[in-house]
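Novice: Supplied in structure tokens, the structure appears directly below.
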Amino acid sequence: VCTSRFWFNYRHVSNALAVYGAARAAGVPDSRVLVLLADDAGCNARNVFPAAVFDHPSLSRDLLGRHAEVDYRGYSVTVDAFLRLLTDRLPASVPASRRLLSDSASNVLLYLTGHGGDHFLKFQDADELTATALSEAIIQMRLLQRFHRLFLMVDTCQAGTMLEGLPSPKEAADLLDRAGLAAAARDPTDGSLDFGVIAAGSARRSQNSYSIHSDSTVGLSLSDRFTSILLESVNKLSPKRASLMDL
Numbered sequence: 033v034c035t036s037r038f039w040f041n042y043r044h045v046s047n048a049l050a051v052y053g054a055a056r057a058a059g060v061p062d063s064r065v066l067v068l069l070a071d072d073a074g075c076n077a078r079n080v081f082p083a084a085v086f087d088h089p090s091l092s093r094d095l096l097g098r099h100a101e102v103d104y105r106g107y108s109v110t111v112d113a114f115l116r117l118l119t120d121r122l123p124a125s126v127p128a129s130r131r132l133l134s135d136s137a138s139n140v141l142l143y144l145t146g147h148g149g150d151h152f153l154k155f156q157d158a159d160e161l162t163a164t165a166l167s168e169a170i171i172q173m174r175l176l177q178r179f180h181r182l183f184l185m186v187d188t189c190q191a192g193t194m195l196e197g198l199p200s201p202k203e204a205a206d207l208l209d210r211a212g213l214a215a216a217a218r219d220p221t222d223g224s225l226d227f228g229v230i231a232a233g234s235a236r237r238s239q240n241s242y243s244i245h246s247d248s249t250v251g252l253s254l255s256d257r258f259t260s261i262l263l264e265s266v267n268k269l270s271p272k273r274a275s276l277m278d279l
């Protein structure tokens, strides 16, 4: 999910497309990936490479290309649409291709990039997703059995504050117990309850998330440091043997 609009946020578009490309390279089909881009940098009149987006000064890999499938774009990328997508509270008219068709056996990667601050992520430079709203949506997903494991990654300034609303182990255990899901979530080795959520952010409170790969031809930074280094590490892993702990 790229939540930023406007040309000068090019790097956020490339971040999201680079993660999408890594998923596709690992063998995840487009039918199991949802891409949300608040801006169409590829078609911006200031783009010297029409219909192309790059994340490295070598300009060797077009992230957009002719085969990238963007499911939500422009002003359709809103806080409300995003939360409804996670919790499957969408109108009946929304096709399956634009829904998150996950279940209790699914491993879900939720990647967010954009501009943020203390406990918020900006959408369209006009609205905000709060840490509380995000955590409540993820809790609802767990109670609705919409994932087995969920890996939340946030690349934005003060990204770590977006993770603070997630339930503590005790809170998670209470939630699962009240929902009647404790038995299924219990670890057979030590009896602990597993809420199934792992989260990582690019910056702590009061810290910035910095850009990388400034390019004079495009005239902007092409990526953010956290996402760029993360994907470099992912590309070194064997998709058939890599685990979440490897990442």
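Following my numbering, the numbering of the sequence shown begins with 33 at its first residue and continues without gaps.
We put the CB at the ideal spot given by N, CA and C, even for glycine.
From which residue to which residue does the beta strand (DSSP E) around T280 run?
Specialist: Because the chain is modelled from 33 through 279, residue 280 falls outside the range shown and cannot be assessed.
Novice: Rounded to the nearest angstrom, what separates P34 and R98 at their Cα positions?
Specialist: Inspection of the sequence shows that residue 34 is occupied by Cys rather than by Pro. Those two C-alpha atoms are separated by around 19 Å.
Novice: I believe G148 touches S36 by the beta-carbon criterion, under 8 Å. Please report the beta-carbon distance rounded to the nearest angstrom.
Specialist: The Cβ separation is near 10 Å, so there is no contact.
Novice: Are there 16 or more other CB atoms within 10 angstroms of the CB of N47, so buried, or fewer, so exposed?
Specialist: buried
Novice: Per DSSP, what kind of secondary structure is L91 in: helix, strand or coil?
Specialist: It is coil, neither helix nor strand.
Novice: Which residue comes first and which comes last in the alpha helix (DSSP H) that contains S260?
Specialist: R257 to N267
Novice: In this structure, how does DSSP classify V229 when only helix, strand and coil are distinguished?
Specialist: strand
Novice: With a floor of 3 residues, list each beta strand (DSSP E) that falls wholly inside the segment 173–199, ordered by position along the chain.
Specialist: 181–187
Novice: Could you check the C-alpha separation between V65 and D112 for me, to the nearest Å?
Specialist: 19 Å
Novice: From R78, T110, L207 and G251, pick the residue whose C-alpha is nearest to that of D157; which is it?
Specialist: T110
Novice: May I have the straight-line CA-CA distance separating S63 from R56, to the nearest angstrom?
Specialist: Approximately 10 Å between the Cα atoms of the pair.
Novice: Which of the three DSSP states is assigned to G149 in this structure?
Specialist: strand
Novice: Taking the alpha-carbon positions, what's the D120 to R131 distance?
Specialist: 7 Å
Novice: For Y104, which beta-bridge partners are listed by DSSP?
Specialist: The partner list for Y104 (beta bridge, DSSP) reads L68.
Novice: Just checking, does the segment 177–197 make contact with the segment 136–143 on the three C-beta pairs under 8 Å criterion?
Specialist: These segments touch.
Novice: Which residues does DSSP pair with D247 in a beta bridge?
Specialist: L252
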